[in-house]
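Presented below is the structure to which this report refers.
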Amino acid sequence: MDTALSVTGSTVDSALQSYADGKTEPAKFKEEALPGIHLVAAKSMDKVKPLVHDVMGELRPALSQVAEWLGSFSAKIQDTLEEFGTVSDRAQKLFDQVMQQMASSGGMYEEMVYDTYHIFDPYDDGIDVEELQQAANQYGITSLQGQKAEQLMKKYNTDQKGGIDIHEYEKLVTDPSLPGLMTTILRTYSNRLASVGSELKVVKMRAEVASAVVDYLTLVCSKNLTKVGWVTGRLVSGELPLEFTADVFYELYKAKTDTNNGSPIDVGSLIINYTLRENAQQVIAAVDLLATPAFFAEEGFDITIADETVSQVVTWIEMSDFGKAALLKLAKVKPSNGQTFAEAYDEEVKAREVKYSAAHGLGTPEANSYHTQAAERLRNVLLGGSAASAASEDPDAAQAAGSSQPAKPETLRFAAELSLNVTQSVKDFNEQCYEYSGTSSNPLDSTCNSINGMVKKTQSFLTLMNNYAGPGGPEYIEKQADNFINGSLQDMVLLSGELIDEGIASVQCSAGNAAACKSIPETDYTMHLSGGTTFLTDTMKDLQSALPQVIKALSTAKKEVSTISGVINSISQMLGLKAPPLMEKIAKLYKIVWITYFVFFFLFSFTMLFYGFWANGWFGGPKADIPESEYEPPRTFFERIRTCCGSCLACCRSCTSGHLCFWSLLLLAQVVVLIMFIISLVICLLTGIQAFFGAGCSKIYLIGDEAVCTAVLSIFKVFLKTFGFSEPIEQTCGSKSLLTCKIIRDSVFHTAIFVIIGALLASVFSFQMLLDSATKHERARCARAWEEEGLDKKGE
Numbered sequence: 022m023d024t025a026l027s028v029t030g031s032t033v034d035s036a037l038q039s040y041a042d043g044k045t046e047p048a049k050f051k052e053e054a055l056p057g058i059h060l061v062a063a064k065s066m067d068k069v070k071p072l073v074h075d076v077m078g079e080l081r082p083a084l085s086q087v088a089e090w091l092g093s094f095s096a097k098i099q100d101t102l103e104e105f106g107t108v109s110d111r112a113q114k115l116f117d118q119v120m121q122q123m124a125s126s127g128g129m130y131e132e133m134v135y136d137t138y139h140i141f142d143p144y145d146d147g148i149d150v151e152e153l154q155q156a157a158n159q160y161g162i163t164s165l166q167g168q169k170a171e172q173l174m175k176k177y178n179t180d181q182k183g184g185i186d187i188h189e190y191e192k193l194v195t196d197p198s199l200p201g202l203m204t205t206i207l208r209t210y211s212n213r214l215a216s217v218g219s220e221l222k223v224v225k226m227r228a229e230v231a232s233a234v235v236d237y238l239t240l241v242c243s244k245n246l247t248k249v250g251w252v253t254g255r256l257v258s259g260e261l262p263l264e265f266t267a268d269v270f271y272e273l274y275k276a277k278t279d280t281n282n283g284s285p286i287d288v289g290s291l292i293i294n295y296t297l298r299e300n301a302q303q304v305i306a307a308v309d310l311l312a313t314p315a316f317f318a319e320e321g322f323d324i325t326i327a328d329e330t331v332s333q334v335v336t337w338i339e340m341s342d343f344g345k346a347a348l349l350k351l352a353k354v355k356p357s358n359g360q361t362f363a364e365a366y367d368e369e370v371k372a373r374e375v376k377y378s379a380a381h382g383l384g385t386p387e388a389n390s391y392h393t394q395a396a397e398r399l400r401n402v403l404l405g406g407s408a409a410s411a412a413s414e415d416p417d418a419a420q421a422a423g424s425s426q427p428a429k430p431e432t433l434r435f436a437a438e439l440s441l442n443v444t445q446s447v448k449d450f451n452e453q454c455y456e457y458s459g460t461s462s463n464p465l466d467s468t469c470n471s472i473n474g475m476v477k478k479t480q481s482f483l484t485l486m487n488n489y490a491g492p493g494g495p496e497y498i499e500k501q502a503d504n505f506i507n508g509s510l511q512d513m514v515l516l517s518g519e520l521i522d523e524g525i526a527s528v529q530c531s532a533g534n535a536a537a538c539k540s541i542p543e544t545d546y547t548m549h550l551s552g553g554t555t556f557l558t559d560t561m562k563d564l565q566s567a568l569p570q571v572i573k574a575l576s577t578a579k580k581e582v583s584t585i586s587g588v589i590n591s592i593s594q595m596l597g598l599k600a601p602p603l604m605e606k607i608a609k610l611y612k613i614v615w616i617t618y619f620v621f622f623f624l625f626s627f628t629m630l631f632y633g634f635w636a637n638g639w640f641g642g643p644k645a646d647i648p649e650s651e652y653e654p655p656r657t658f659f660e661r662i663r664t665c666c667g668s669c670l671a672c673c674r675s676c677t678s679g680h681l682c683f684w685s686l687l688l689l690a691q692v693v694v695l696i697m698f699i700i701s702l703v704i705c706l707l708t709g710i711q712a713f714f715g716a717g718c719s720k721i722y723l724i725g726d727e728a729v730c731t732a733v734l735s736i737f738k739v740f741l742k743t744f745g746f747s748e749p750i751e752q753t754c755g756s757k758s759l760l761t762c763k764i765i766r767d768s769v770f771h772t773a774i775f776v777i778i779g780a781l782l783a784s785v786f787s788f789q790m791l792l793d794s795a796t797k798h799e800r801a802r803c804a805r806a807w808e809e810e811g812l813d814k815k816g817e
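Taking this note's numbering, the leading residue of the sequence shown gets 22, the next gets one more, and so forth.
Below, the structure is given as structure tokens:
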């Protein structure tokens, strides 16, 4: 467009130079000049048209994708996501409460102590007050903030030698004022590690991989130097691209200058030291690459901080025991006049920045393109004073374009390996926390808060693009593009005619024509223009300023999604591993309790029935003693054995001893009833747990009502295009047993009252059976006594 305006303006000025005052009629001159100007302008615009079509061809897919995102993040879907987060929190906390009551805790104590101690003590020299406070700030442990750290130090640093050692730390973590300290800090560490692992799974760009790797190193460098050594060894081994190593060094500098970085360790210095041990040549080569402004620009980095970045990295190298020797031998920039290597690199990179800026068109496009007065007037009126090409030098736009460098296959393989390693570490830490605490998450862990944070960060991106990709936005841009193509030529010709009129009047005025001087028009050109060039001056300029911010917002949102994904995967994985076995254990216990209850009840009831018959003379029940005159001695072997047994058990058959035996058995039966009562209490407890589930589910409509569940899944299908199952969405809630609360409510809650009342009544009635049996025994005893003494009951 600059070329079209410049050529058209030059044609106008050339035509005016051929005008001779008094020899040609102004109207006729203008009529003869305009066709040539129109022809030049038309040819120039013919070259612009395909470029506009190319721009729109690039914009359409992007706007279409953004429009799809706008639909995926509509107000309704955002509300559904927030509700889903709330439901997830409630359901997960509900399971946690039950698991904490039923599962054993206190396991893997030694592992918990070891892993959490080294989070507090990154330098392995004992925990001091500052390290306690840094850990409290870094991991959000409010119970250690303020003066609490100093109080704990005085209380538990009993030997007063250095900091708190691991044995003193064991006492510190059991302090009543620090409930769940080890679980809280290790689980927070694990969640952050899970976020990095989730990010490493999806990264595609080189800068994204480098940022994720630095996030990982920032976390583990205070806890596991073995893994730091493994990662840094891979960085400079030569198998990964040198550009990626340089990107990591740049991210280390950014991490150091980040005010939100709470790491107690100078991570950059540590990493540089490790990499120098492994391969100093590769480290220096990466620094020399960073010192090239062209590399900074290609990677989308801020070229104005190239000197600061390189200076900081070289400072880290000089701090290492191997650094100075490596710089003297391998560095391309050598110090002079007493400079340090950091100062020498800083001076050299600054000089290179100036040369690069001058060589890559950071001058004034207006001075280079618009050489005539008419061309400048066309530019000022149609483009608002700035050349169209001036926008191409926007540093934000240049950074956004450069930040899309794709990672090479070997870099992606490294990211995948690191992600697998992180995933296994997260699984191990969560396993430890569960075995120690019996829960799957910390009390303050909230999926809802994470989702709300992600939605809010995404909204900033949606707000920026809503005017362009929202309803009617793409159509408006298409209309503006067509108006630019069709209207710009008309505006250029119209404005050229006005400029010819002004030029003729100026020539006549210069020749002494006073009337011509007064007739020089003061025209408001914008009143006659079509406004087609606003496509460049407004729409494209606004898009160019908005898109870099959109890319940054997208990157932030992507990272936030990875964070949420990591936390949810971490919690869900632990619930998936631990909850089913625990619930199966509870189910088996429930089954055993019921079987035991009914077996006891059957045996007890059968014994009472047998006694009822026995008390009435059946099955060898009590009868009057046989007179001695009728006694016959045993004759056969079996009769002698029976007589022996009868003698041994005489106490059970004789009058006085029989009473003793009966009351003894009655006391035993009371013990049995007590056992049955205890079993009833256990049944009540288990039923209470089930009722607790049902009550807790009462307000979780998402997993309690099939219509609500189906509606939410349908919305999720809009939000997540790959979400779905083999069967229709309408059948998913039922076939996948997603209606947990409905199942609990329908199958358990309504029977809870009957089970509790029935179990207690069974115990009461069983005790009543004992009393009834005692009454029958006394009646039978009295009846036998009267019969033996020959008394007539009726006579009395």
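Even for Gly, the Cβ is constructed at its ideal location relative to N, Cα and C. As the structure is a prediction and not an experimental result, all values here were calculated from the model.
Per the Cβ contact rule, the region 83-103 is not in contact with the region 503-519 (fewer than 3 Cβ pairs under 8 Å). Within the DSSP secondary-structure output, Ile-148 pairs in a beta bridge with Ile-185.
Counting only residues of its own chain and dropping the five nearest sequence neighbours on each side, Gly-524 has a CB closer than 6 Å to the CB of Leu-37.
Pro-356 and Glu-329 have their C-alpha atoms roughly 17 Å apart. Nearest Cα to Leu-246 within the set Thr-204, His-74, Arg-227 and His-139: His-139. Within the same chain, and ignoring the five residues on either side of Tyr-366 in sequence, the residues whose Cβ sits closer than 7 Å to its Cβ are Ala-312, Val-331, Ser-332, Val-335 and Val-354.
Gly-106 and Gly-283 have their C-alpha atoms some 28 Å from each other. For Ile-148, the CB contacts under 6 Å within the same chain, skipping 5 residues up- and downstream, are Phe-141, Asp-142, Gly-184 and Ile-185 in chain order. The three-state reading of DSSP puts Pro-47 in helix, counting H, G and I together.
DSSP places Pro-285 in the coil class of the three-state scheme, outside both helix and strand.
For Gln-333, the enclosing alpha helix (DSSP H) stretches over residues 327-340.
The beta-carbon distance between Gln-302 and Leu-351, rounded to whole angstroms, is 6 Å. This is short enough to meet the 8 Å contact definition. In the three-state DSSP reduction, Pro-427 falls in the strand class (E or B). With respect to Val-304, Val-257 sits close: the two C-beta atoms are nearer than 8 Å. Looking at the backbone, the Cα of Asn-281 and that of Ser-586 are separated by about 22 Å. Contact between Gln-113 and Ile-592 holds: their C-beta atoms lie close to 6 Å from each other, under 8 Å.
Taken through DSSP and simplified to helix, strand or coil, Met-77 comes out as helix.
Within the region 301-326, no complete beta strand (DSSP E) segment of 3 residues or longer occurs. As a beta-bridge residue in DSSP terms, Met-226 pairs with Pro-427. If you ignore the 5 residues before and after Val-150, its C-beta comes within less than 7 Å of the C-beta of Ala-170, Glu-171 and Met-174, all in its own chain and listed in chain order. Pairing Ser-509 with Thr-554 gives a Cβ-Cβ distance under 8 Å. Around the beta-carbon of Ile-292, 16 or more other beta-carbon atoms lie within 10 Å, marking it buried. A distance below 8 Å separates the beta carbons of Leu-91 and Asn-487. In this structure, Leu-404 sits away from Thr-560, with a CB-CB distance that is not shorter than 8 Å.
Per the coordinates, the alpha-carbon of Glu-339 lies some 15 Å from the alpha-carbon of Phe-270. Counting of Cβ neighbours within 10 angstroms places Asn-358 among the exposed residues, the total staying below 16. For Lys-182 and Thr-204, the gap between their C-alpha atoms comes out near 27 Å.
CA-to-CA, the gap between Gly-127 and Thr-195 works out to about 12 Å.
Around the C-beta of Glu-220, 16 or more other C-beta atoms lie within 10 Å, and the residue is accordingly described as buried. Exposure of Phe-659 is indicated by the presence of fewer than 16 other C-beta atoms within 10 angstroms of its C-beta. Per DSSP, the unbroken alpha helix (DSSP H) holding Val-28 starts and ends at 23-38. Boundaries cannot be given for Asp-279, as no alpha helix (DSSP H) includes it and DSSP labels it neither H nor E.
In terms of Cβ geometry, Ile-750 and Lys-763 do not form a close pair [threshold 8 Å]. Here Asp-145 is exposed, its C-beta having fewer than 16 other C-beta atoms within 10 Å. Straight across, the Cα-Cα distance linking Glu-605 with Gly-459 is about 16 Å.
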